[in-house]
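Chains as they are written, first to last, in our numbering: chain A, 23 to 762; chain B, 104 to 547. All residues carry an ideal CB built from backbone N, CA and C; glycine is no exception. Here the structure is a predicted model, which means the values were calculated and not measured.
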């Protein structure tokens, strides 16, 4: 019996330690074990949890030093007859300040094994960093489990809140005390909190605080409370015991599986699942068909299996899940158990997984697919899955291929690409769509190869995949294809370059803009619209005399955007040079392009074009002059508004001139001057209304005066009143006290 | 059409859908994904509308502890679906008060959860344990412990879980994050994001609000649920809603800045840093003197600074050009060796420098539009059983980043964090802040 108890203790130790990936390190194998640490706040104590392979037999000494060199001893505690997982507390009166320290356990006594809980930190660390010490030697990347007891202010705080808990009449204050003690409470707070476990209002807060302390004492209090409580309060304590994985609570919880309160029984099942020891697992399995809370027991078993797997206890987990699968469980349980059974088998579980993937039960198929995409990482599993493709029917090949793509293990890549070339059409289309997830060059090459696949659906899918390729590698492919002799590839490459903003493609696009095939030429020009830089503009200008029709339209648009992007001042002269030999259509095009290039020279060119004989060219020039944004336009527009002989054009100029008053980026003075000048030319009601609308947006007495001139004009009186009111309101705002 | 025919036909543009048979029904009436929306406030109605507009989805149920809201939601569903029927009538959507009745339905494939934060993890876990796939609003937890537990439950029940951090699914943001991750900015040295105060505090608060009469039709006890009990007050919940998440200021129901925006930002930032399933190793409180604002340090040296408004970046840190505008939210500013770039939404176009960075990232468009494929991604993964773009572990880590800051603010000191074991190093008090009290009988 003794060896059974010892084994259980060891098992409990391993489980408790392993629950947080901690392992027991016996002091028996060393002279001394220690930990360098940094205290981030003043402290008055140190706690170390000691695993013991045999309760109440072994002992050790815990000493606090100023550092690993052990120059100055700060405190010491000798303990004997240590119970398994006891907390050895080393205390002193005056708080030690923030800083670096070192503690050790040494001088083991007794026959049994006692020691510490340790764990790997996953980092190599550097010399001088906090780490574990084995016989005085640092082991970087390893640390022992311990805690420090806040001192000074914190100890006073605890005392204060305990007093509040016991003495205050205010429910709110007592709640606050529970919350504070959950953070800073220690052994002294346990009795006061224990008293509240029977209090309906404060139970959950007190319970949580005890849970946070997680000491032998607080656990004992929770266990003892089970016998005293009923209903929801009992359920609360059961939940807490499960959360802290109290191994000693297992016998009590086992007994509660048959409680007449089914909610209590269900909670017990769940708690046993969370505790996840051999005994809790056995309790659940044995009760499965003997209790009324079968669903909860199944859930507990699922949970238990999961925890076994986290602790590396794969065989135990597999056994548990397989047992569930042998029963007639609800579908949600079966699904979780099947997932667990697949994962617990690890690499060796691929045949098991594939058996379910091949099946006709959608639940099994779905679970297998889920596991492939979420679990069982590693090349070995991936290769085994890929090897299995050939033995599946087409439907299942499709599912597995998509899942392998989602799995993103490059070990599958070569074979998946082979399937992409040789599988059935549906599979190939799916792979063309899914393989880009790998972002590998070989996939891109495969996609380019698929561009010329005789199956239109596949080549279309390949185009889409290349266009959506997330990295710059596809740009390179676009560049390669720009030299293709196949029209289809060329068109694709040009569109791809445009979509992916491959500026390096611009010179190639310029070359293809002269292609004899109109579609190629227009596509190239469309690409130049977005990609052309200063280097391409001379070539594009040269094209102006070589193309017409839809190509000229596309070229004009491309140039318009390119000139706007590059602020091609020099291009104006190049455009002017082309004027003399240009026909009517080209002249209009040239004017529109000049209209995009800012500067005096461009504006002069437009104004000169107003004297052209051809009416259409004059109209084009006039519209461009009216739309001119630069400062040169103002004076010219005013002159044209005064002097142009044809009335419709004169009014166009006047209205354009007037609209400049609406440009908020201009200074107010300038805008007022525009209105004042325009006012002398305005005759028709339409222009008066335009003027008044603009005046209403301006400030100052001058604006008011101008607007007021129209108050007596019957046709625009209302607009004048509105403008006047708007100006007056702004004037009043400016004059009001406190206004900026 | 037989299932086999469907399998063949569905191969090209959509994934195999075998869901209906998974529920053990003899024959499913449609191939659509059946969903319920739990939580019908402003956010919930947004999700509801998204589902109603998707021909691949059927809304079977809505749930809210507020009768007015659930009836409004039910009416909305019936109205939209009625328009699609020949008769002009539709009565196929049921309204529930208690989510447990919803997740017990065998004909439901999935749930969307838009309740107050304190319910997120529990309802998500229970839904998963009932065999439902889950879309849960962010943050998915109000403590580190419940986020970890939720992630475990989702995994152990083979569910498909999407966190409601849709900003990462906006094409421009996604592209930038991928590029940052791949090193276009070089090593990322600094990241900045916003953190807001609540009633003057940098952590959620716990004010004692006076009790008010519970509005007719509101099940207040179920609204409070697992949180510590407090009496009803309209500051937490009222109709019409005063805005989204009015309860978030209170630490028992929400996590203030984490609820409002930080969990979105954390998700985008950790995505860009390649730390979606990791976390920082230090949380440096301003009291340490090392940085003027709370700063996370990642294992590779990257620093993530929290600032209360964008002006503080220029005031306190000299790492960006003086003319950087910085506006918007739900993202961050990445500053690397080779340049910098923003990922915020609602503040105008993306900013960055040098200019070549935009070309290198292939960013023709610098506007962060609202369009995203976040729900579509989830629906797709429900069919393929794949992993959504913001799965449970990613959602847990983005929420956790905020919880780490709150711990540092509450304790007013710097903390060391082990992102693998999810423990504070050498700080018992901080470790105790990883969980909160849960009112019986609720548990995960």
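Are the CB atoms of residue 163 of chain A and residue 143 of chain A within a distance shorter than 8 angstroms? Between residue 143 of chain A and residue 163 of chain A, the CB-CB gap stays under 8 angstroms.
Output the distance between the C-alpha atoms of residue 635 of chain A and residue 641 of chain A, rounded to the nearest integer angstrom. In a straight line, the C-alpha of residue 635 of chain A is about 11 angstroms away from that of residue 641 of chain A.
Span of the alpha helix (DSSP H) around residue 213 of chain A: Boundaries of the alpha helix (DSSP H) around residue 213 of chain A: 212-217.
Beta-carbon proximity list for residue 218 of chain B, same chain, < 7 angstroms, skipping 5 on both sides: So the list reads 141, 142 and 226, once near-sequence residues are dropped.
Beta carbon of residue 440 of chain B nearer than 8 angstroms to that of residue 290 of chain B: Inclusion of residue 440 of chain B and residue 290 of chain B in the CB contact set at 8 angstroms is warranted, their separation being smaller than that value.
What do you reckon, are the CB atoms on residue 87 of chain A and residue 126 of chain A nearer than 8 angstroms? The answer is yes: Cβ separation under 8 angstroms.
Is there a Cβ of chain A sitting closer than 8 angstroms to that of residue 311 of chain B, yes or no? By this cut-off, residue 311 of chain B is an interface position.
Return the first residue and the last residue of the beta strand (DSSP E) that residue 400 of chain B is part of. In the DSSP assignment, residue 400 of chain B falls within the beta strand (DSSP E) that extends over 398-400.
Beta carbon proximity, residue 417 of chain B to chain A, threshold 8 angstroms: At least 8 angstroms separates the CB of residue 417 of chain B from every CB of chain A.
List, in chain order, every chain A residue whose beta-carbon is nearer than 9 angstroms to that of residue 540 of chain B. Ordered by position in chain A, the residues that pass the 9 angstroms Cβ test against residue 540 of chain B are 200, 201, 204, 226, 227, 228, 229, 230, 231 and 233.
Contact belief for residue 475 of chain B with residue 273 of chain B at Cβ below 8 angstroms, rounded distance in angstroms: With a Cβ gap of about 5 angstroms, residue 475 of chain B and residue 273 of chain B count as contacting.
With 16 other CB atoms within 10 Å as the buried threshold, where does residue 509 of chain A fall? Label assigned to residue 509 of chain A: exposed.
For the segment 508-526 of chain B and the segment 255-274 of chain B, state whether three or more C-beta atom pairs, one from each stretch, are separated by less than 8 angstroms. No, they do not touch.
Consider the C-beta atom of residue 539 of chain B and the heavy atoms of the ligand MG; say whether any pair is separated by less than 7 angstroms. Here there are no bound small molecules, and the ligand MG is not part of this structure.
Using CA coordinates, which residue listed in A:553, A:341, A:361 and A:108 is at the minimum distance from residue 586 of chain A? Looking at the Cα atoms, A:553 is the closest of the given residues.
Is the Cβ of residue 46 of chain A closer than 8 angstroms to any Cβ of chain B? For residue 46 of chain A, no Cβ of chain B is located within less than 8 angstroms of the residue's own Cβ.
Below 8 angstroms, how does it come out for the segment 237-249 of chain B and the segment 496-505 of chain B: are there three or more Cβ pairs, yes or no? Here the segment 237-249 of chain B lies against the segment 496-505 of chain B, with 3 or more beta-carbon pairs under 8 angstroms apart.
Could you check where the alpha helix (DSSP H) with residue 563 of chain A kicks off and where it finishes? Where residue 563 of chain A is concerned, the enclosing alpha helix (DSSP H) starts and stops at 559-565.
Could you compute how far the alpha carbon of residue 686 of chain A sits from the alpha carbon of residue 711 of chain A? Their Cα atoms are separated by approximately 19 angstroms.
So, for residue 617 of chain A: in the same chain, excluding its five sequence neighbours on each side, which residues have a beta-carbon less than 6 angstroms away from its beta-carbon? Closer than 6 angstroms at Cβ, skipping near neighbours: 646.
Return the residue from the list A:540, A:565 and A:346 that minimises the CA-CA distance to residue 532 of chain A. Of the listed residues, the one whose Cα sits closest to residue 532 of chain A is A:565.
Under DSSP, the beta strand (DSSP E) around residue 583 of chain A begins and ends at which residues? In the DSSP annotation of this structure, residue 583 of chain A is not part of any beta strand (DSSP E); the continuous alpha helix (DSSP H) holding it starts and ends at 571-588.
Taking residue 169 of chain B as part of the beta strand (DSSP E), name the residues at either end of that continuous run. DSSP places residue 169 of chain B outside any beta strand (DSSP E), giving it a letter other than H or E.
What ranges does the alpha helix (DSSP H) occupy inside the segment 682-726 of chain A, keeping only unbroken runs of at least 4 residues that lie completely in it? Complete alpha helix (DSSP H) runs here, min 4: 690-701 and 707-717.
I believe residue 330 of chain A touches residue 298 of chain A by the beta-carbon criterion, under 8 angstroms. Please report the beta-carbon distance rounded to the nearest angstrom. Residue 298 of chain A and residue 330 of chain A do touch by the CB rule: their CB atoms are close to 6 angstroms apart, below 8 angstroms.
From B:526, B:539, B:323 and B:179, residue whose alpha carbon lies closest to that of residue 169 of chain A: Here the closest residue by C-alpha is B:526.
Considering only C-alpha positions, which residue in the set B:171, B:175, B:210 and B:179 is nearest to residue 135 of chain B? Nearest to residue 135 of chain B by C-alpha distance, out of B:171, B:175, B:210 and B:179, is B:210.
Throw me the rounded Cβ distance for the residue 377 of chain B and residue 522 of chain B pair, which I believe falls under 8 angstroms. That belief does not hold up - the Cβ atoms of residue 377 of chain B and residue 522 of chain B are roughly 13 angstroms apart, past 8 angstroms.
8 angstroms Cβ cut-off: residues of chain B touching residue 354 of chain A: Neighbours of residue 354 of chain A on chain B, chain order: 232, 233, 234 and 260.
Counting only the same chain and skipping the five closest in sequence on each side, list residues whose C-beta sits under 7 angstroms from that of residue 52 of chain A. Within the same chain, residue 52 of chain A has close Cβ partners 156 and 157.
So what's residue 84 of chain A in DSSP terms, helix, strand or just coil? Three-state result, residue 84 of chain A: strand.
CA-CA distance, residue 184 of chain B and residue 174 of chain B? Rounded to the nearest angstrom, the two C-alpha atoms are 15 angstroms apart.
Checking contacts by CB at 8 angstroms: is residue 525 of chain A closer than that to chain B? With 8 angstroms as the cut-off, residue 525 of chain A counts as an interface residue toward chain B.
Against chain A, with Cβ distances strictly below 8 angstroms, would residue 467 of chain B count as a contact? When Cβ-Cβ separations below 8 angstroms define contact, residue 467 of chain B makes contact with chain A.
Listing by chain order, which chain A residues have their CB less than 7 angstroms from the CB of residue 536 of chain B? Chain A residues near residue 536 of chain B: 205.
Could you check whether the Cβ of residue 191 of chain B sits closer than 8 angstroms to any Cβ belonging to chain A? In terms of beta-carbon proximity, residue 191 of chain B stays away from the interface with chain A, with every pair separated by 8 angstroms or more.
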